[in-house]
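In my numbering, the protein residues as written are 1082 to 1583.
The C-beta atom is built at its ideal place from N, Cα and C for all residues, glycine as well.
Notes for the one structure printed next.
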């Protein structure tokens, strides 16, 4: 395994690879620069696809309901079934990749995702579509953790920062592209197929990525120390995540009935049972599902808190802004989907900026990005407070938030990958992705539910005031994220005195 720049607690300082600058040594093989960037393109295309399908069904929901005669609850399950399966299985997908080979698990996940997408496109009724969407989410959960693991294992130093910048663009751009692409395809109604092309388009793309993945991903090597996957831990963690994610996804639309609160309450003892099982397995010499060093490192906990909170505000904004523009102002789905283009464009600028920043300044980027994000939310709040509703200036101001989220997300994830050695790549990948999905669902449930309550009849005036409330809360949460990122930096320095970015 490629040596990490610095092991936590090491007194010997950074360890250097003996590979030439044009290559990185991984598992005894030398991976040339050009090949690594082609590999990254394949991995990020898969991440982009998974995020597109997280958002695309939101725009298609009315068309699906009309075409299949689905009930409101069934339509909700088309959207939430994918996200639930995706969130529940992310850590399991990361651990399977580490145990059975990142290439093998990635290709299996892509095959499942592609086949499920075809099933979605051909679904004759709501029940088949819901089942196919759950299977699609499971496929995404197998392939997506291999993306961040691949970046940590195959990139180091400044190149890792560049790769993480592109990774962040795939995350944010995929969600926005899902809304925009969904709106355009549904409006086009190709050959009278209505919403079906939003899933059918995944089939040729998925087949292409499977071919490219086989050519670009290095062959899996048999691990020197083969250990059984922690099936008990996998089941307990999946159950705990499921008990949290399902009520968060369905609670707002269902009016928060008793079962949602019971489910959330049950998640606590199940999570406790998972923690105890992990400790017993580690004490017995086994390999836990999540390495204890990941969750016990104070800096990682603060960084996860900051990344989770900023992700929470972003998912909430995607949800709320689409409703505000379509229902509050009567704009079409294509307009609502394109409204966040400036956000994604500014988000994309953040990665190259971070990679070019002087090394002594990079440690300050996580809190700075969070504060810029807060400023973006505050600027849009002020725009609405002065009587404006929408227009070009709104989109420009959203770009401020996009830049802030890009800087914070890139640098927070980068800081986490540099804090722990590369042998924890799979653990960290699963934890970061699951944390983001849970926080995103919490943002939609809490801030999205608050918006729907405050918007009342959904007319322009109340909707604008409701959006202002969400923006104010998002600004405050982003300031909290800045504080958490600062505490992570201080904790990291206290722990071992190592710089945040090597």
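On the three-pair Cβ rule with 8 Å, is the region 1313 to 1320 touching the region 1350 to 1364? yes
| Given a threshold of 16 other Cβ atoms within 10 Å of its Cβ, counted over all protein chains shown, does residue 1563 qualify as buried or as exposed? | buried
| message | Using the Cβ count rule (16 or more neighbours within 10 Å means buried), how would you classify residue 1534? | response | exposed
### DSSP-derived helix/strand/coil call for residue 1143
helix
Next on the checklist: Let's see if you can read the secondary structure: which residues bound the alpha helix (DSSP H) around residue 1167?
Outcome noted: 1153 to 1181
* Under a three-way DSSP split, which group does residue 1543 fall into? -> helix
Proximal residues to residue 1373 (C-beta, below 8 Å), its chain only, five neighbours per side dropped
1359, 1360 and 1363
Roughly how many whole angstroms lie between the Cα atoms of residue 1196 and residue 1532?
37 Å
* Alpha-carbon spacing of residue 1477 relative to residue 1300, whole angstroms -> 45 Å
- Compute every distance between the C-beta of residue 1159 and the non-hydrogen atoms of the ligand ATP, then say whether any falls below 8 Å. Among the ligands in the structure shown, none appear at all, so the ligand ATP cannot be discussed.
Inset, instruction - Check the C-beta distance from residue 1137 over to residue 1263 and give it rounded, since I have them as a contact under 8 Å. - result: 4 Å
Self-check item: residue 1340 in three-state terms, based on DSSP
Solution: helix
In this structure, how does DSSP classify residue 1292 when only helix, strand and coil are distinguished? helix
Taking its Cβ as the centre, do 16 or more other Cβ atoms sit within 10 Å of residue 1536, making it buried, or is it exposed?
buried
Residue from 1497, 1274, 1324 and 1121 with nearest C-alpha to residue 1147: 1274
Worksheet entry | Contact set for residue 1211: own chain, Cβ-Cβ below 7 Å, skip 5 residues either direction | 1155, 1158, 1159 and 1162
**Message:** Buried or exposed, going by whether 16 or more other CB atoms sit within 10 Å of the CB of residue 1292?
**Reply:** exposed
(message) Which residue marks the beginning of the alpha helix (DSSP H) containing residue 1401, and which one marks its end?
(response) 1379 to 1404
| query | Where do the N-terminal and C-terminal ends of the alpha helix (DSSP H) with residue 1440 fall, by residue? | reply | 1440 to 1443
>> Going by DSSP in three states, residue 1225 sits in which element: helix, strand or coil?
In response: coil
Self-check item: Candidates 1144, 1231, 1200 and 1399, of which the one nearest residue 1509 by Cα
Solution: 1231
Exercise. Have a look at 1166, 1515, 1485 and 1221 and flag the residue whose alpha-carbon is nearest the alpha-carbon of residue 1395.
Key: 1485
Proximal residues to residue 1529 (C-beta, below 7 Å), its chain only, five neighbours per side dropped:
1333, 1397, 1400 and 1401
- Query: Cβ atoms of residue 1222 and residue 1170: under 9 Å apart, would you say?
  - Reply: yes
* Asked: Would residue 1229 pass as a contact of residue 1513 if the rule is Cβ separation under 9 Å?
  -> yes
Give every residue of the same chain whose Cβ lies closer than 6 Å to the Cβ of residue 1224, excluding the five residues on either side of it in the sequence, and list them in chain order.
1127, 1187, 1190 and 1191
### Task
Within 10 angstroms of the Cβ of residue 1487, are there 16 or more other Cβ atoms? Answer buried if so, exposed if not.
buried
Collapsed DSSP secondary structure at residue 1502 in the structure displayed
coil
ask   = Alpha carbon to alpha carbon, what distance is there between residue 1227 and residue 1178?
value = 7 Å
Report the option in 1342, 1405 and 1133 whose CA atom is closest to the CA atom of residue 1280. 1133
task = Kindly indicate which residue of 1434, 1310 and 1123 has the alpha-carbon position closest to the one of residue 1181.
result = 1310
Going by beta carbon distance, what residues of the same chain come within less than 7 Å of residue 1525, once the five residues before and after it are set aside? 1396, 1397 and 1400
**Study point:** Alpha-carbon to alpha-carbon, residue 1545 and residue 1493
**Key:** 32 Å
Quiz item: Based on Cα-Cα distance, which residue from 1450, 1368 and 1404 lies nearest to residue 1142?
Solution: 1404
- What span of residues does the alpha helix (DSSP H) with residue 1333 cover, start to end? 1312 to 1335
Practice task
Flag this pair as touching only if the region 1465 to 1482 and the region 1421 to 1437 have three or more C-beta atom pairs under 8 Å; answer yes or no.
Solution key: yes
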